[in-house]
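Here's the structure we're looking at; comments come further down.
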Amino acid sequence: MNRAEPLVLGIETSCDETGIGIVRGRTLLSNTIASSMDEHARYGGVVPEVAARAHLEALQPSIEAALAESGVGLADLDAVAVTSGPGLAGALMVGVGAAKALSVSLEKPLYAVNHLVGHIAADILDADATPLEYPTVALLVSGGHTSLLLVRDLTTDVELLGETMDDAAGEAFDKVARLLGLPYPGGPEVDRAAAAGDPKAIAFPRGLSRASDMARHRYDFSFSGLKTAVARWVEQRQAAGEPVPVADVAASFREAVVDVLVTKALAACRDHGVPRLLLGGGVIANRRLRDVALERAEAEGVTVRIPPLSLCTDNGAMIAALTSELIMSGRPPSTLEFGADSTLPVTEIQVAESA
Amino acid sequence: MILGIDTSLGSAVAVVEPDGVIRSQVESADPRGHAEVIGTLIERALAEASVSPSEITQVAAGMGPGPFTGLRVGIAAARTFALGRGVPVVPVVSHDAVALELLLHTALTADWGYAAGYENDTEETFAVVTDARRREFAYTLYRGLDDDGLPVRATEPALTPRDDLDALLAHAGADRRDADRIPAAMLALAAARALGAGRRIGPADALYLRSPDVTLPHAPKRVYL
Ligand SMILES: [Zn+2]
Chain A
1 MNRAEPLVLG IETSCDETGI GIVRGRTLLS NTIASSMDEH ARYGGVVPEV
51 AARAHLEALQ PSIEAALAES GVGLADLDAV AVTSGPGLAG ALMVGVGAAK
101 ALSVSLEKPL YAVNHLVGHI AADILDADAT PLEYPTVALL VSGGHTSLLL
151 VRDLTTDVEL LGETMDDAAG EAFDKVARLL GLPYPGGPEV DRAAAAGDPK
201 AIAFPRGLSR ASDMARHRYD FSFSGLKTAV ARWVEQRQAA GEPVPVADVA
251 ASFREAVVDV LVTKALAACR DHGVPRLLLG GGVIANRRLR DVALERAEAE
301 GVTVRIPPLS LCTDNGAMIA ALTSELIMSG RPPSTLEFGA DSTLPVTEIQ
351 VAESA
Chain B
1001 MILGIDTSLG SAVAVVEPDG VIRSQVESAD PRGHAEVIGT LIERALAEAS
1051 VSPSEITQVA AGMGPGPFTG LRVGIAAART FALGRGVPVV PVVSHDAVAL
1101 ELLLHTALTA DWGYAAGYEN DTEETFAVVT DARRREFAYT LYRGLDDDGL
1151 PVRATEPALT PRDDLDALLA HAGADRRDAD RIPAAMLALA AARALGAGRR
1201 IGPADALYLR SPDVTLPHAP KRVYL
C-alpha cells in the first residue's frame, strides 16, 4: 500500500446522498453525489426507507461515474473507505455491505470511519487553503446533525463539546418552511423568504442559552422550542385574522438559529483558548450563517475556515480524505467485523481497527 | 466459478463450479446483522472453496423477497463484488433456490412410481413460504423442473396475511414448504443453469413487494393557541 499518497475510494450512505469520492493523498479526484432529495420532497423530510432504496439503486452507477471522472481503475486503489456511522441505520448498511464486498473482491484494505469526523476532513481537500491547524473548534450543521467539536488531531483526538438535544438545525429549517407554506428542503426557501425580512422583527427564543441552561448545556443546542415558538406566533396571527409577515418570520427565525450557533461556537473557542473555527455540514450553504460567523469571529480574533460548499454537504470524498489521513499516519485497516452504527460517537474516528 | 450471495432471511454465501459442484457454503442464521457478517462470510466462502476472488466469473444475487433492510445488504455486496472483478451479476429470485433444493432432493430420493409421475408431468405444486414480518408471509408457487433444470414458477412471489395462507394454498392445491434459510449454493446453481441456457431468471431490482412506509404530511398541526 502506498502510504505516502494513498489512492482511496470512499463510500458514504448515511442519509439521503449516495456519495462516492476518490482522493489521492490530499488531492480530490472525484466527488460524485447522487441525491434522493427530490423523492423526499413530497414527504417534507427524509424518509429512511426511501433513502435506503435509492442508495441501492445509485451505488453502482455512482462508483462507475467516479472512476470514469477520475480516470482511476479499481485495481489501482490502495484502500476502500466507508462511513460506519452515525446516520440512518438502513441507509448506512447499504454502504457497509457494498464496501466490504468491494474490499474482499479487490483484495484491498478497508477503513470504516466516522461520518462527523469526515466532515472535518473535507477541509483538507481544499487545494487553495493553508494546512489545517490544531486545535480547532468545529461546528457541523446539517439536516441530520448539529455538533460542536474540539479537534486536537483529526486522526486521533476529536472531542464532542455539545450537540443538539432534539432537532438538527437543518430539520428546524424544514419544519418552519412547512409552517410557512414553503417547500422542502426548507433551508434555501426560508433563506429566500428572509431576504426581504427584518431579522429583529420578532424576538424568537435562543434555545439552551439562559444562564440556568448554560451550566449543563453550555455547548448543546435545542431547536424544537424555537420551532414551537414560531408555530405559536404564526397561529396567533392567523387566529386574530391578521396576515402573517412571512419575510419577517423567516428572517427572525433564521437569525435565532444563526445567533445560537455562532454564539456557542465562539464561546467554545474562547473557553478553550482556540482562535480557530471550522464550519461544515450542508447548512453552511446558508449565507447568513457564514456572514455572521465571519463577522463575529473576526471581532473576537478567531479565524474561520469553510471548506468548498460542494464538500460541506454529505459526500464520499470526505470519507476518502479522512481515510487517506489515517493511512498516511500509519494506521492499520479495519477488520471486516463491524456494522452500521447509527449513534457512533465522534471519539471513534475509525472503527474495528485491526490489531 | 460462481459466487452466490443471499441476505433475504439470514446471510448465506456459497461458491459453486459452473457444472454445479458445490465448493463451499457458509451462512449466519441471524435475521439481522447482515451488514456485520457479509464481508466475513464472503471471505470464508472463498477460503473454504480454495478460490481467489479473481477466479470468480459470475456473482449470483438473491433478489428477495425478504425484509428490506437485510435484503439490500446482499444485493449491494453482490453488485460491488462483481464490479470489483469486472464480472456480471446474475439476479435470482431467492425462493427459486429453496425450490431447486427441494426438487433436487425429491429427484434423488423419489421411487420409480414418483419418477414416472414426474415424467408424466403430474408433479405436485408446492409453495415456498418465508417470513415477511408484519404478520405476512412471502410465497411463490412452483411446479417441477423445466428442461434447463430450473424450477418452474407457477406464480410470481407475493405477500399474504399469515392467517390467509393455508386457505390460499388449499385452493391452489399446493403443499406448503416453509423455509427459514436460503441455500446460497442452490442460488448459484440456478444462476449457473440460467447462464448455461442463456436465460434471465431474476429481476434487475430488489423484490420488495411493499411500498416504503410513509405518510404524506397533513397541513401543519396546530400546536398551541
Ligand atoms: Zn453529514
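Residue numbers (my numbering), protein chains in the order written: chain A, 1 to 355; chain B, 1001 to 1225.
Quick reminder that beta carbons are idealized off the backbone N, C-alpha and C, glycines included.
Treat the numbers as computed from the prediction; the structure is a model and nothing was measured.
Between the C-alpha atoms of residue 1125(B) and residue 44(A) there is a straight-line separation of about 47 Å. Judged by the Cβ position, residue 1105(B) fails to qualify as a neighbour of ligand 1 at the 7 Å threshold, every heavy atom of the ligand being at least this far. A distance below 7 Å between beta-carbons, with the five flanking residues on each side excluded, links residue 1100(B) to the following residues of its chain, in chain order: 1151, 1186, 1189 and 1190. Closest option to residue 135(A), judged by alpha-carbon separation, among 347(A), 275(A) and 323(A): 275(A).
In this model, residue 343(A) and residue 316(A) are separated by some 19 Å (Cα to Cα). Boundaries of the beta strand (DSSP E) harbouring residue 1159(B): 1158-1161, taken from the DSSP string.
The set of residues with CB atoms less than 5 Å from any heavy atom of ligand 1 reads, in chain order, 142(A) and 314(A). In the pairwise beta carbon analysis, the stretch 124-142 of chain A is classified as touching the stretch 276-284 of chain A: at least three pairs are separated by under 8 Å. Taking a Cβ-Cβ threshold of 7 Å, the residues of chain A close to residue 1212(B) are 47, 49, 50 and 53, in chain order.
For the alpha helix (DSSP H) assignment, the uninterrupted runs of no fewer than 4 residues enclosed by the stretch 209-280 of chain A are, from N- to C-terminal side, 211-217, 224-239 and 246-271. The distance from the Cβ of residue 1143(B) to that of residue 1154(B) is about 5 Å, consistent with a contact at the 8 Å cut-off. By the CB criterion at 8 Å, residue 328(A) and residue 118(A) fall outside the cutoff. Between residue 1042(B) and residue 1081(B), the C-beta gap is smaller than 8 Å, which places the two residues in contact. Taking every protein chain shown into account, the CB of residue 238(A) has fewer than 16 other CB atoms within 10 angstroms, so this residue is exposed. Residue 336(A) holds the alpha-carbon nearest to the alpha-carbon of residue 101(A) among 340(A), 350(A) and 336(A).
The three-state reading of DSSP puts residue 126(A) in coil, since its state is none of H, G, I, E or B. For residue 1084(B), the secondary structure class from DSSP, reduced to helix, strand or coil, is helix. Secondary structure remark: continuous beta strand (DSSP E) runs of at least 3 residues inside the stretch 118-206 of chain A, in chain order: 136-141, 146-153 and 157-163.
Annotated three-state conformation of residue 10(A) is strand, per DSSP. As for any alpha helix (DSSP H) of minimum length 4 sitting wholly inside the stretch 1017-1068 of chain B, the runs are 1034-1048, ordered along the chain. The C-alpha of residue 283(A) is placed about 19 Å away from the C-alpha of residue 303(A).
In the structure shown, residue 284(A) adopts helical secondary structure according to DSSP, grouped into three states. Between the alpha carbons of residue 162(A) and residue 255(A) lies a distance of about 20 Å. When the beta-carbon positions are compared, residue 1091(B) and residue 1061(B) come within less than 8 Å of each other. Contact of residue 1069(B) with chain A by beta-carbon distance below 8 Å involves 52, 89, 90 and 93. For residue 200(A), the closest C-alpha among the options 245(A), 25(A) and 77(A) is that of 245(A). Exposure of residue 1199(B) is indicated by the presence of fewer than 16 other C-beta atoms within 10 angstroms of its C-beta. In this structure, residue 96(A) keeps its C-beta atom at 8 Å or more from the C-beta atom of residue 1170(B). In the structure shown, residue 305(A) adopts extended strand secondary structure according to DSSP, grouped into three states. Among the residues facing chain B, residue 340(A) is included, as its CB has a counterpart in that chain under 8 Å away. Relative to the Cα of residue 204(A), the nearest Cα in the group 194(A), 184(A) and 228(A) belongs to 228(A).
If you keep only unbroken beta strand (DSSP E) runs of at least 3 residues inside the stretch 7-91 of chain A, you get 7-12, 17-24, 27-35 and 79-85. Distance from the Cα of residue 248(A) is smallest, within the candidate group 32(A), 151(A), 198(A) and 324(A), for 198(A). Burial state of residue 171(A) is buried, judged by a 10 Å Cβ sphere holding 16 or more other Cβ atoms. Measuring C-alpha to C-alpha distances from residue 1138(B) to each of 1178(B), 1149(B), 1103(B) and 1123(B) identifies 1178(B) as the nearest.
Contacts with chain B at 8 Å (Cβ-Cβ) include residue 97(A).
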